[in-house]
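One structure is given here, and the rest of the page talks about it.
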Amino acid sequence: MALDIETLVDLYRDMWLIRAFEFGLEREFKKGNVPGMLHTGVGQEATQAALAAHLKATDCFFPDHRCHGINALAQEKHQGDGERIMAELFGRATGVCSGKGGSLHSANPRVGNFGDNAVEGSYMATVLGVALAWQMRKQPNVACCIIGDGTVGRGEFHESLNMAAIWKLPVLYACVNNGYAISMPVGKGHASADIVDLARGYGMPCVQVDGNEIELAYAEVARAVDSIRAGNGPYFLEFKTWRWQGLFSGEFRPAEEVRYWKEDRDPIRLARQKIGAQSSLQAADLDRIEAEVVQQIETWIDFAKNSPMPDPAKATADVYVGGEELR
Amino acid sequence: MALDIETLVDLYRDMWLIRAFEFGLEREFKKGNVPGMLHTGVGQEATQAALAAHLKATDCFFPDHRCHGINALAQEKHQGDGERIMAELFGRATGVCSGKGGSLHSANPRVGNFGDNAVEGSYMATVLGVALAWQMRKQPNVACCIIGDGTVGRGEFHESLNMAAIWKLPVLYACVNNGYAISMPVGKGHASADIVDLARGYGMPCVQVDGNEIELAYAEVARAVDSIRAGNGPYFLEFKTWRWQGLFSGEFRPAEEVRYWKEDRDPIRLARQKIGAQSSLQAADLDRIEAEVVQQIETWIDFAKNSPMPDPAKATADVYVGGEELR
Amino acid sequence: MSATTVRTRTFVQALNEALDISLARDPNVYLLGEDIAEMGGDFGVTRGLWAKYGAERVRDTPLSEAAIIGTAVGSAMVGLRPVAEIMFADFLGECYDQLVNNAAKMHYMFDGQFKASIVVRTACGGGFGGGPHHSQSVEGWFLNVPGMVIVAPATPADAKGLLLASIENDNPILFLEHKALYRLKGEVPEGHYTTPLRKAAIARPGKDVTVVATMKMVHEALAAASELEQEGIDVEVIDLRTIRPYDAETVLASVHKTGRAVVANEAPKLGGLAAELSATISEECFRALKAPVVRVAGLDAPIPFSLVLETYILPGKKQVVEGIRSVLRA
Amino acid sequence: MSATTVRTRTFVQALNEALDISLARDPNVYLLGEDIAEMGGDFGVTRGLWAKYGAERVRDTPLSEAAIIGTAVGSAMVGLRPVAEIMFADFLGECYDQLVNNAAKMHYMFDGQFKASIVVRTACGGGFGGGPHHSQSVEGWFLNVPGMVIVAPATPADAKGLLLASIENDNPILFLEHKALYRLKGEVPEGHYTTPLRKAAIARPGKDVTVVATMKMVHEALAAASELEQEGIDVEVIDLRTIRPYDAETVLASVHKTGRAVVANEAPKLGGLAAELSATISEECFRALKAPVVRVAGLDAPIPFSLVLETYILPGKKQVVEGIRSVLRA
Ligand SMILES: Cc1ncc(C[n+]2csc(CCOP(=O)(O)OP(=O)(O)O)c2C)c(N)n1
Ligand SMILES: Cc1ncc(C[n+]2csc(CCOP(=O)(O)OP(=O)(O)O)c2C)c(N)n1
Ligand SMILES: [Mg+2]
Ligand SMILES: [Mg+2]
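Now the structure itself:
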């Protein structure tokens, strides 16, 4: 089940792209160059990279608030312009939504990115419709929605899983269980700390995945996507992982927990060890990949910074298709 | 586990009260004396009688749209004026809500009736608060919400069961699975035709009960209520039953299904057989009970019919506590 | 409308025809909602369509209002044209987020990349003892939401033409069907036609006073106009038809002509459509107005069950007549 | 207000004091919401209260907005006085049904037998690049709902006094906290006091023109008034404070005096609070008005992310100044 080394290295690069993107973004956010709020996906790179690896541009995913990385990855992979995700976060005219969406509302259907919704989890309902359309048209696409453990609290979780189940819709639920919803531990906010326990009653395959082991995550996403494309209906994956970002106001988790996840369970470090063990690649080779990616992100940041702000008058455009006259 | 004969006869009378109430009401509805819509609980009398038998006036229940019977039973048992439920359905000033609520919004907290909500299932959220208050005050009361199988489709089902579970709230979920939501068969509308399958993930006791066997229903409600009062947290009961009422436009279910439930599985007939087998009571004795109850309901209908309509000017009273000035 | 045959049809039949025509013309159109398939919907609007188009395109759903709207929106994102039914408008509270935060904003916030081309049909309005949760007028809930379109026919012909136009339009449309109108009969052209969105109709021309009304209140206003005609009062009745965004031009032109305006809407007066219309007329016809605008609207209360109470709350012909008299007096 | 000590406090601190005092005075008061306990809420309004009153009375919830409001309402039915926090007002869509169909109607439909004595605190308003789902002004969503009370303070002192009054009141209250005001400092009396509900405040007396404003717009109006003062224009600024039901008397008396009115509200113009105020002023001050009422409000669009776009959408001092000039010109 071990991955071939090229794929593993590609995934390593993808994970670094996600991390470098978030680190660069965070730096700029702290400098005041990025408006609004910022939630980063650092620590969850393996989950995102595994999903991105298997979802085609003709599939779709609904990203959550920590998904800048997968958004950028999809944008880069399918259109070669990941910088437009960065520009969106800077609120620029060159962004994927011309600055109207920002961190919490970046979308680009041409790369399968169907847009975040800052009302956490509302797209658990929306994903049903995309999947239904594909089912009706007999297109073997996968409609994926990425939800945090906290987001599982929403009533739409039930409505969505139930409807996907009864209609056997091609939906991939990718639950990123990073242990907390803001400050609420998953075991305090839910009847079970294992989200699959809440999903199982709907009769779809429910699988827990180590979200920090890229090989495992990659394999499980492959299995899920294959099953869905084969017409077997919805599939639920719970990725056990951890986010490096604490609260806006600082770290709130026990020091040992922080150490464990950042040191022992860092998905990038773990992948590095694997690559080292399985190939002749040296630390220097991997460092070079990292440096390349970091460099690439800096050019994206420059692109974003140097992009024009949107034309203010555009603020009233596109409220209605066809304008106020509804043509 | 067999019930003593007095209790069984009491329950028989209670079931008849429910049925006679609904039959009388339906007759008057067809004559145009009862405004609005009407959903009846005929066929589900054992479930309602069993719940009514164990819930005290200091407990609460949120009745659904087929619960005129349990409403009347509670009103009669705790206040001796069941006719005020009838009057409410006729929209009269003497009704429990002075005609403001009607069939879908009858309430009386003094008998534990916390009111139906015609937005099906919204009170799955409300019941949490009542239970929380009792938990905080260390009162050993049970907060019960009665929901149909169709109503289980609502997102609040998930939010409610989850919150009740994490806080160990004294909630009794009484799910009346009568096989259909309007025209939608339970197995078509839900991932499982057994609602307990959807409830189990929350870790509370989930028990299926034959909702047409009064002895079984009585025993299971007793067990549930005891468990809740003992502080063990929420409890989920699924009553398998069947409603005699089809659609407004007529019967839509297969003839054999209709025959089976009305003839072989009629809860009242089943109870009658039990009483006959277990006691010296004769058919005539049971007929007398029936006749008495029917007679009683006729006096309630007369009461309702002869009650005054509300004063129209009251239509704008009680919008705000303390009036528009919000005092 | 072209010179096609015109027949007499009920409001329900007119809606049914529009759905039938849409399903036949456009394979992207499908219907979803509770009990709309074999049963044909609580009010019979979808009757016969399941048999004709099958369970894929006339689709029963569980009692999951948020998922219904979510499904509609998601399928619109990839080009379908769903027509969702929410059985009673009062239940829109269940899917308010889906409509307001997602459907209404999607085209805008994603910079035009998606269209939430959905129609949400729903039965609204009071008058039949439905009580607090089956009788509400909900246009006020959505009036302050940019991106939402609210359509509200008053006649069978418009019901059909506006529903066809709504299904063919690319915006998220809340399509209000007043229950008291379902059995109303009227002339309905055969075949396909559309009635333009955001275009009010002059239901009755007149010169002394303008009454702007919606849905059932159009008929109350017409009845009031007939009554007052006998006293020589010539009332112009405007049927707004689209509530958001609305045809201010037609309204204002009429009031500039008559100098007097009554706005008639079944919802509670405070903060409802009547307020918006009164404000806009007052601001834009300041010099032309000979009397303050009068709002004829529901009293500020939930809708009670008992008919004597409900009748007291809801406005009707009597209140429109009083409103007209008072703007003429002032 | 009595002669207690007055200190300088932020809006957030003032709210925190009100909650602290309520929890101390009344054992029936408890708080619930997401991350309000140990973390103290997204904006720090509940900071320190969990440590002081414990996890029972300052209660973290899962991300279940409908259940939060349901819990609040249910507990109020048996006499508790919950104060729920919905982190951002935009998420009220999730619990719209619970508020509109249950909380707002409960006292009425059950004939006064229950009181839905809840307070729902929530952070609203734009101006910080929060984007379409973290920036909305939601008063318009609830304005047409009889039974709802909407309270909206503009100053730290009122934030405290109105929150205390709201908690002690028996109605379901939507308590709006504009995010731009959270760090605003002002004089706040010590200890317990209440600011009356449904009573507007004259934030600045004047004789030439009335500006009726809410929340952040009160400050924009005051800044506009200061600017225009230098030109000899004397502006009266009314802080509405309670939005539903509201103090029409104070508003109308002012307009009767000045003869000119501007209404300033951050929400979109169409169908919002500004429409209601403009309508009522126009109808009730018909003879006194020397110029049409001007609505200063948000443009008709969702709130975009990029600050240059957001700034274009939202009204500020500049728009109030323009509005005042235009009513003076007319
Ligand atoms: C409906 C809704 N409620 C609350 C919030 C505020 N909020 C933003 S992120 C978040 C926690 C989400 O937790 P989780 O899903 O576990 O995601 P994580 O941040 O841990 O990745 C909350 C409560 C929101 N955006 N939407
Ligand atoms: C939120 C909501 N959606 C839809 C309805 C319309 N409706 C009334 S009863 C009903 C079916 C309910 O089915 P179930 O819960 O199984 O109850 P039953 O009538 O079978 O007893 C529906 C859909 C409603 N009242 N509320
Ligand atoms: Mg999480
Ligand atoms: Mg049922």
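Chains as they are written, first to last, in this note's numbering: chain A, 785 to 1111; chain B, 785 to 1111; chain C, 206 to 535; chain D, 206 to 535. Don't be surprised by glycine CBs; every beta carbon is placed ideally from N, CA and C.
| query | result |
| --- | --- |
| Could you work out which residues of chain D lie near S887/B, taking near to mean beta carbons separated by less than 8 angstroms? | Going along chain D, no residue has its Cβ under 8 angstroms from S887/B, so there is no contact; the nearest lies around 12 angstroms. |
| Is I966/B near ligand 2, judged by its Cβ being under 7 angstroms from some heavy atom? | yes |
| Is any heavy atom in ligand 3 found nearer than 7 angstroms to the beta carbon of D933/A? | yes |
| Of all the options A1068/B, G963/B, F1020/B, A1099/B, which has the alpha carbon lying nearest to the alpha carbon of P1038/B? | G963/B |
| Measuring alpha carbon to alpha carbon, tell me which of N946/A, S967/A, L953/A, A983/A ends up nearest C959/A. | A983/A |
| For the candidate residues S431/C, L478/C, V498/C, whose alpha-carbon lies nearest to that of A357/C? | L478/C |
| Note down, in chain order, every chain A residue with its Cβ under 9 angstroms from the Cβ of V513/D. | G875, G883, M1093, P1094, D1095, P1096, A1099 |
| Name the residue from I273/D, P507/D, I529/D, G284/D whose alpha carbon lies nearest to the alpha carbon of N233/D. | G284/D |
| Can you tell me whether N962/A sits near ligand 3, meaning its C-beta is under 7 angstroms from at least one heavy atom of the ligand? | yes |
| So does A902/B have its beta carbon nearer than 7 angstroms to some heavy atom of ligand 2? | yes |
| Inspect the CB distances between the stretch 1086-1106 of chain A and the stretch 509-516 of chain D and report whether three or more fall short of 8 angstroms. | yes |
| Among T210/C, I407/C, D505/C, which has the Cα closest to the Cα of P473/C? | D505/C |
| Just reading off the beta strand (DSSP E) that Q1029/B is part of, what are its end residues? | Element bounds for Q1029/B: n/a, residue is neither H nor E. |
| Mind checking the stretch 333-361 of chain C against chain D and listing, in chain order, the residues whose C-beta falls within less than 7 angstroms of any C-beta there? | P337, H338, G345, W346, L348, N349, P351, G352 |
| Quick one: does the C-beta of L1070/B sit closer than 7 angstroms to a heavy atom of ligand 1? | no |
| Taking C-beta pairs closer than 9 angstroms, name the residues in chain A that P267/C reaches, listed in chain order. | E943, N946, M947, I950 |
| Quick check on DSSP: helix, strand or coil for Q992/A? | strand |
| Just verifying my parser: in three-state terms, what is the DSSP assignment at L809/A? | helix |
| Pull up the distance between the alpha-carbon of E867/A and that of L795/A, whole angstroms please. | 19 angstroms |
| Who are the near neighbours of M206/D in its chain, counting only those whose CB is closer than 7 angstroms to its CB and skipping five residues on each side? | Confidence at M206/D is low in this model, with a pLDDT of 45, below 50, so the placement of that residue should be treated as unreliable; the coordinate-derived value is given next. For M206/D, where only same-chain residues beyond five positions count, the Cβ hits under 7 angstroms are P394, Y398. |
| Below 7 angstroms, is the gap between the Cβ of L297/C and the nearest heavy atom of ligand 2? | no |
| Since G275/C contacts T935/A with CB under 8 angstroms, what's their CB separation in whole angstroms? | Wrong, their Cβ atoms sit about 14 angstroms apart, outside the cutoff. |
| Counting only Cβ pairs nearer than 9 angstroms, list the residues of chain C close to P893/A. | M282, V283, F315, Q318, F319 |
| In this structure, does DSSP put E434/D in helix, strand or coil? | helix |
| In the DSSP assignment, find the unbroken beta strand (DSSP E) run with E604/D in it and report its ends. | The structure shown does not extend to residue 604/D, since chain D is modelled only from 206 through 535, so no value can be given for it. |
| Among the candidates Q303/C, P401/C, R465/C, whose CA atom is the shortest distance from the CA of I323/C? | Q303/C |
| Can you give the beta carbon distance from L873/A to D798/A, rounded, assuming they're within the 8 angstroms contact cut? | In fact, because the Cβ distance is near 19 angstroms, the residues do not count as touching under 8 angstroms. |
| Which bits of chain D does V1103/A rub up against, with CB to CB less than 8 angstroms? | D505, A506, P507 |
| Does DSSP put A1039/A in a helix, in a strand, or in coil? | helix |
| Among G973/B, G987/B, L916/B, D1048/B, which residue has its Cα nearest to the Cα of A949/B? | G987/B |
| Identify, in the order they occur along the chain, each residue of the same chain with its Cβ nearer than 8 angstroms to the Cβ of I226/C, setting aside the five sequence neighbours on each side. | L369, G396, H397 |
| So, is the C-beta of Y301/C closer than 8 angstroms to a C-beta in chain D? | yes |
| Taking any Cβ of chain A, which residues in the stretch 242-265 of chain C have a Cβ under 9 angstroms from it, in chain order? | E261, R262, R264 |
| For a contact defined as C-beta to C-beta under 8 angstroms, what are the partners of G331/D on chain A? | None at all; the shortest Cβ gap to chain A is about 11 angstroms. |
| Would you mind working out which of L402/C, T360/C, D375/C sits nearest G391/C, comparing C-alpha positions? | T360/C |
| Of all the options R850/A, C990/A, P847/A, I1052/A, which has the alpha carbon lying nearest to the alpha carbon of A1008/A? | C990/A |
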